[in-house]
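Structure first, then comments.
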Amino acid sequence: MLTENKKNKASTASANATDTEVPGPDAEMLPTRKRRPEVAFPRGHEEVKFGDLTLYLVEKRMGKSRRNFLSNLARSKGFCVDDALSGNVTHVVSEGNTAQDLWNWLEEQGFGETRDTHVLNISWFTESMSAGRPVPVELRHYIQNPAVDHRSCAHPSDKPESAVSPYACQRRTTLDNHNKIFTDALEVLAENMEFIGNRGPCLAFRRAASVLKSLCAPLQHLEETHRLPCLGEHSKAILEEIFECGSSSRAEDILNDERYRTMKLFSSVFGIGPKTAESWYHRGLRTFEQVLSEPSIRLNRMQTAGFLFYEDISKPVSRTEASALKIIVEEAVICVNPHATVHITGGFRRGKEFGHDVDFIIKTPEPGQEDAVLPAVIQRFKTQNILLYSDFQDSTFDLSQLPTHRFEAMDHFSKCFLILKLKREQESCEREASRDWKAVRVDLVAPPLERYAYALLGWTGSTLFERDLRRFARLERGKLLDNHALYDKATKTLLPACTEEEIFAHLGLEYIEPWQRNA
Ligand code: UTP
Ligand code: MN
């Protein structure tokens with residue numbers, strides 16, 4: 075049941091999530107260099123929203139007061155800005171300098187070429203301020219060192235030396251998908267295979283789609299696929315037809331197929347996985363009405379909630395709604411443990427604008443505090459009358475049982491799958507007329523402190539990125555990775571890590587930012 079529900083979580087995600095385009099730079103947002111209004115920003119009280127990044131603005135050419143202004147603007151929007159070019163800096167932002175001048179200056183500062191720091195044009199900063207969050211770094215944002223040729227994503231016609239890795243964890247995949255026409259078709263085929271229970275071909279189509287998502291330009295010719303990994307003959311045949319006819323007849327046939335449509339409908343319900351969906355289909359059921367009026371069908375508690383709140387929870391959750399929920403979760407968590415912190419994870423951490431749920435990870439400062447948090451938080455939601463459904467799973471985590479050799483869909487941390495009432499905006503209330511709240515799916519997980527980095531990495535996703543991290547660790551490094559730990563088979567030890575960066579370093583992988591994990 076739980077495994078099935080996990081799959082349901084994933085398939086609902088692909089059915090409902092819509093990735094919108096990153097908004098373009100708002101020209102009126104930043105003052106021009108000529109006019110410099112002295113805007114007072116309250117200092118020292120800004121909440122850090124994007125703790126994974128530290129910006130550094132290069133004063134050269136930008137000038138001192140504009141640099142101050144932009145630094146404070148960024149801080150007021152929840153970005154960390156370092157005044158010095160310290161080791162914490164992840165994003166260097168420059169304005170008006172030539173690549174040569176900038177890199178000469180950086181080298182004078184002892185800034186190493188090998189450092190995993192983005193050196194970016196002001197355009198990335200402007201777009202991020204306009205979006206109110208860090209936009210995915212694209213090739214066009216980089217100020218490349220003229221002395222070195224370094225690429226952040228692969229061009230389809232690149233030479234073999236810059237070959238695309240067969241592992242998603244060695245590719246940078248932002249939400250800017252330049253090959254949507256191909257990946258949409260491949261994902262329909264993958265989903266159909268999943269519904270049929272054909273796991274091998276399902277994964278093959280997902281891998282093919284994922285490789286195309288990592289490319290920084292659209293494929294122009296079928297020949298370009300020859301140098302790409304993970305594209306089998308079936309995937310290539312789909313691409314070939316799209317090149318020739320503009321669409322895939324196979325994908326279209328599937329979209330019109332009664333079985334596929336019914337499976338998709340049934341498994342879009344919270345608590346209904348492919349197995350249940352299939353058994354209903356085989357019993358001749360095609361609609362929710364037929365399922366609900368079939369006397370022999372007994373829905374469990376989760377499925378009942380799934381139908382009860384279907385209208386709301388089948389709609390995508392927006393980033394604004396996710397932020398509102400974060401405040402609600404934070405208030406509840408702080409009541410239980412004033413030192414605990416709440417961090418958004420899942421698709422929203424990867425920069426998505428919409429999700430099928432909102433995933434939060436709770437960090438407790440002292441070992442042993444994690445188990446008390448969720449039951450108390452759930453109790454508080456109940457008292458506040460915002461709890462519509464709750465499935466709490468107590469921790470079954472046992473360090474002495476590590477490593478686990480077979481990957482399990484569920485980890486062993488204390489967690490809960492919830493449906494909460496979220497207050498609607500005034501205007502949408504009037505539109506909907508009936509009630510002033512929307513039901514939203516929320517997942518909370520509370521790992522022990524020393525497992526936090528592993529849990530965060532595991533819950534950030536994407537599912538394929540995680541799968542390839544584990545595969546890479548096992549096949550290329552002789553290590554076993556899951557949401558709890560990284561185990562080195564050679565030394566028979568568990569490798570400690572406080573940050574995701576340390577885990578990537580243990581694996582000998584370049585660090586991939588969360589918004590580059592949309593594989
Ligand atoms: P989601 O299914 O929420 O996916 O799981 P998502 O990427 O956030 O997609 P949307 O935006 O909701 O549609 C988030 C991550 O959490 C992991 C999943 O494997 C996925 O990578 N997860 C979830 C676990 O590792 N363990 C669990 O028990 C549940
Ligand atoms: Mn999610």
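Residue numbers (this note's numbering): 75 to 593. Just so it is clear, CB atoms sit at the ideal spot from N, CA and C, and this is done for glycine as well.
For Q174, the enclosing alpha helix (DSSP H) has its first and last residue at A173 to E182. Taking a cut-off of 8 Å on C-beta distances, the region 145-158 does not touch the region 178-197, as fewer than three cross pairs fall below it. DSSP, reduced to helix, strand and coil, places G429 within a strand of the structure shown. Any heavy atom of ligand 2 within less than 5 Å of a residue's beta carbon puts that residue on the list, which reads G420, G421, G429, D431 and D433. The DSSP assignment places 461-467, 488-497 and 511-520 as complete runs of the beta strand (DSSP E) inside the region 461-545, in order along the chain (cut-off: 3 residues).
According to the DSSP assignment, S168 belongs to no alpha helix (DSSP H) but to the beta strand (DSSP E) extending over H165 to S168. In the DSSP secondary-structure assignment, N195 is bridged to S168.
Taking the CA atoms as reference points, D258 sits about 43 Å from F143. In this structure, the CA atom of Y355 is about 13 Å from the CA atom of E368. Between R423 and F481, the beta carbon gap of about 21 Å keeps them out of contact (Cβ cut-off 8 Å). Counting only the Cα atoms, E169 lies some 23 Å from D126. S388 carries a coil assignment under DSSP once its states are collapsed to helix, strand and coil. Our two residues, P240 and I452, have alpha carbons roughly 42 Å apart in a direct line. Around the beta-carbon of I401, fewer than 16 other beta-carbon atoms lie within 10 Å, marking it exposed.
When distances are taken from the beta-carbon of S341 to the heavy atoms of ligand 1, even the shortest one reaches 8 Å or more.
Within the same chain, Cβ atoms closer than 7 Å to the Cβ of L260 are found at F279, A282, A283, S309 and I312, the five residues on either side in sequence being excluded.
If only uninterrupted beta strand (DSSP E) runs of at least 3 residues are considered, those enclosed by the region 548-575 are 553-555 and 560-562.
Annotation for I418: the continuous beta strand (DSSP E) segment containing it runs T415 to T419. In the structure shown, the three-state DSSP call for F455 is helix. Of all C-beta pairs linking the region 247-258 to the region 542-562, fewer than three are shorter than 8 Å, placing the two stretches out of contact. Exclusion of the five residues before and after C154 leaves V122 and T128 as the residues of its chain whose Cβ lies within less than 6 Å of its Cβ. Residue pairing of R591 in beta bridges, as defined by DSSP: T247. Judged by beta-carbon spacing, A406 lies beyond the 9 Å limit of A446, meaning their Cβ atoms are not closer than that value. L494 and W533 have their alpha carbons spaced roughly 20 Å apart. By the criterion of at least three beta-carbon pairs nearer than 8 Å, the region 520-537 is in contact with the region 571-584.
Excluding its 5 nearest sequence neighbours in each direction, L286 has C-beta neighbours in its own chain below 6 Å: N253, F256 and T257, listed in chain order. Closest in alpha carbon position to L462, among V166, Y384 and I196, is Y384. The bridge partners DSSP lists for V447 come to none.
Out of V343, A351, D468 and D327, the CA that lies nearest to the CA of M337 is found in A351. In this structure, K497 is the residue among K497, L289, R149 and P210 with its C-alpha nearest to the C-alpha of E395. Between the region 463-471 and the region 427-434 there are fewer than three C-beta pairs closer than 8 Å, too few to call the two in contact. For I312, the secondary structure class from DSSP, reduced to helix, strand or coil, is helix. For L286, the enclosing alpha helix (DSSP H) has its first and last residue at R273 to K287.
Per DSSP, the beta bridge partners of C154 are T128. Per the DSSP secondary-structure output, F434 pairs in a beta bridge with I418 and L518. Of R360, N330 and N272, the smallest CA-CA separation from L339 is found for R360.
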